[in-house]
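The numbers in my numbering rise by one with no breaks, and the one at position 1 of the sequence shown is 320.
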Amino acid sequence: MTPVTRNHPQCGTCYIMKRLTNFLKGTRGLFEDLFDDSFQNDDVENDDFEYDDPEPFYEDEPIFFPPERRNNLTPKEYRHMRELAFQTPFNRNNDAKIFYLQARYMEQFEDDCPYNGEVLHYYPTYQDLSTAELRGYFTWRTRLRHGRLEKTSLSYAYLYIYELLHQIGVKDKEEGLRKFISFYEQYGALDSQIQRHAGQWIVDYAIYYNLPPERVRAYTNADFDEAMDAMRHCDTVSNEVLFPAIMRLSSYRLDKSRAYKLHPAELVQVICEAYRKLNARYTKRYQRPYTEKLYGRKVKTWYRPFRSAVFFDPAHRSIYEYWLSPMQCYRCEQNQWSMERAYLSPQRNRDLGVFVRAADRLVRESYSIRPALKAGNETKTMIRFIEETIETQKKAAVPVIKFDLRQLNRIRKSSEIIGRKLMTEEERDPDPIPSRTATDATAPPAGRQKIPVADSAVPAHLITGTGGSLTGSLSPANAALTPRTQHPDPPTSLTGSVKPPLNSTVSPVESASGNCPLSGDELRFMQILLYGGDLPDFLSEKHLMASVLAETVNERLYDEFADTVIEFNENTPVIVEDYRDDLKGMIPS
């Protein structure tokens, strides 16, 4: 047994200090006795001095084994695992390959030797850890596999993720993905640092092992890709699909827009229809969709699965293709990975935000909603398409009144029946009409009225007369049903315009094309806009307004072009350039 101190029974330094203190105390007593005797007696005899050594005490202390004996206490799997590192030839990806071989060797190993220290390593592998740290990791992994999740060092968490990436400890790739997602969510609640890279590694797991994209949808930009795909095919999708897609990509938000709160259906229709027109115009001119103007064409970049992770690729695929979405494709050719997608980064677009803001501003002006928005960086094409959509929307909102002319005869008969029921007995049974001679044909008898047949609204069976005569005789009762106006107004059409008499003639204005619906001042107005001329003098001479003429021409040509052909630029009428050539073929110079 080794004597030690009472305060620190396992500290050898304290024991040495105690022995030294006792020695100095004894020495001091010796010198004190010598000095006292020298002062009292000059003849000092050489006497032997002895001092009492304090009695030592003995306690238990740990036994430190030599290294060769201590190695026999560590499981042999650790020694065999480290020997694998010296059996692997050196190459560029040597660390990842060594980790993969060691992980396969230790796949089912379990230990029970916790390590309470902190372990911090960048891109940790088994080779970076000491034996005590390794035993601590495998002890933590054993508890985790038995359902006991504990927060530990960040390096231990990454080591476990690296094992899952190589399908260590799982039966197949499906189970590996389930365990990976479960660990990401559960351990991420304890330590959010693993979420920095693990979210992208989950997507890479599905790409590398060819799993369905729906399994990792929550960790991708699937909503962004679907929105862009809907905008690329805006002509084939409904407003319920297109509008959320535009809102997903637009930098301008309509959540707090007053116009959207008051007129949501109208604003949604304006945005969707105007965008379709904008996309059609851009596609016609540049042969590519409008989304390529917003985000550019498809980009092909270098890609590495499980980037920033220790990963060894044992597959070595020659040809492999994986579509994460209609907008993203991953390819591997001769073990070289690449990614192709329709955008550089999934960010909201400012140009699309300008378009949505312009629609919000013009809808506010149309419905007089306050506060009004100031004009931004909108293009003239945007403004024109939005205004056309708003105008079409207003016209469609006007109620349409239809008349069924086939019901007029039924209404006339009903009125006759009602009129007869309102008559008195005398009116219903008038005096019999006396016989008339040829000399009386020109003069109606007393109590009768001579009216022109053309001016009468009474049915034909109530009118009597000689053959070919335009006059007829009516009883006083029937005369009450006759209009009192001798010359009724000519019939009008449903639009309120006066129809010309049947025997009247209208001199048409000649045009070069027989199908041109314009005539007169409208035709001259279009000729001036197309081929040049003095428009102010023409308007002054005819006492006309340019806005009225332009609106009339747009209405007459709408069936032909399904769009407006005249627009105003600073109160000046101009021809829309897209239709100039077609109009010149229709209207002569």
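Glycine included, each C-beta is placed from N, C-alpha and C at the ideal position.
- In this chain, the alpha helix (DSSP H) harbouring R515 covers Q514 to Y527.
- Burial check for N668: the Cβ neighbour count within 10 Å reaches 16 or more, so the residue is buried.
- Relative to L868, the option among Y877, I885 and A881 whose CA is nearest is I885.
- Within the region 624-659, the runs of beta strand (DSSP E) that reach at least 3 residues and sit entirely inside it are, in chain order, 638-644 and 647-652.
- Take the alpha-carbon of R875 and the one of V675: they are about 31 Å apart.
- Secondary structure at S570: coil, using DSSP grouped into helix, strand and coil.
- Contact annotation, L530 with L483: C-beta distance approximately 14 Å; criterion of less than 8 Å not satisfied.
- One thing to note: H485 has its Cβ no nearer than 8 Å to the Cβ of Y441.
- Rounded to whole angstroms, the separation of the alpha carbons of G455 and D447 is 13 Å.
- In the three-state DSSP reduction, P433 falls in the coil class, being neither helix nor strand.
- Its Cα nearest to that of D523, the residue F499 stands out among E684, S569, A694 and F499.
- Beta-carbon to beta-carbon, T602 and R551 are separated by about 10 Å, too far to satisfy the 8 Å threshold.
- Counting of Cβ neighbours within 10 angstroms places E592 among the buried residues, the total reaching 16 or more.
- When I417, E493 and L468 are compared, the shortest CA-CA separation from F631 is found for I417.
- P892 is bridged by DSSP to F887.
- In this structure L478 is not in contact with Y506, their Cβ atoms being roughly 13 Å apart against a cut-off of 8 Å.
- For the pair T871 and E896, the CB atoms are not nearer than the 8 Å cut-off.
- At a Cβ-Cβ threshold of 8 Å, R680 and A694 count as neighbours.
- When C-beta atoms of the region 551-560 are compared with those of the region 647-657, fewer than three pairs fall below 8 Å, so the two segments do not count as touching.
- Between the beta-carbon of E396 and that of M425 there is about 6 Å, and that keeps the pair under the 8 Å contact cut.
- Annotated as proximal: L671 and L568, with beta-carbon spacing under 8 Å.
- Where K619 is concerned, the enclosing beta strand (DSSP E) starts and stops at V618 to W621.
- Contact between F457 and F428 holds, since their C-beta atoms are separated by about 6 Å, short of 8 Å.
- If you look at C591, you'll find it in the alpha helix (DSSP H) that goes P583 to Y605.
- The shortest C-alpha to C-alpha distance from S664 to any of F502, F562 and Y614 is the one to Y614.
- Counting the other Cβ atoms within 10 Å of the Cβ of Q666 gives fewer than 16, which makes it exposed.
- A direct Cα-Cα distance of roughly 12 Å separates D430 from L463.
- When C-alpha distances from A517 are compared across I736, V629 and C835, the shortest belongs to V629.
- Between L597 and F704, the CB-CB gap stays under 8 Å.
- Following the DSSP letters along the chain, one finds Y538 in no alpha helix (DSSP H), marked with neither H nor E.
- In the structure shown, the three-state DSSP call for N413 is helix.
- Under a 10 Å Cβ-count criterion, I730 is classified as exposed, with fewer than 16 other Cβ atoms of the shown protein chains found around its own Cβ.
- Only residues of its own chain outside the window of five on either side were considered, and among them F499, I500, Y503, V535 and Y538 have a CB closer than 7 Å to the CB of I521, listed in chain order.
- For D447, no alpha helix (DSSP H) segment is defined, and its DSSP state is neither H nor E.
- In its chain, beyond the 5 residues on either side, R454 and T458 have a beta carbon closer than 6 Å to the beta carbon of C432.
- Around the beta-carbon of M547, 16 or more other beta-carbon atoms lie within 10 Å, marking it buried.
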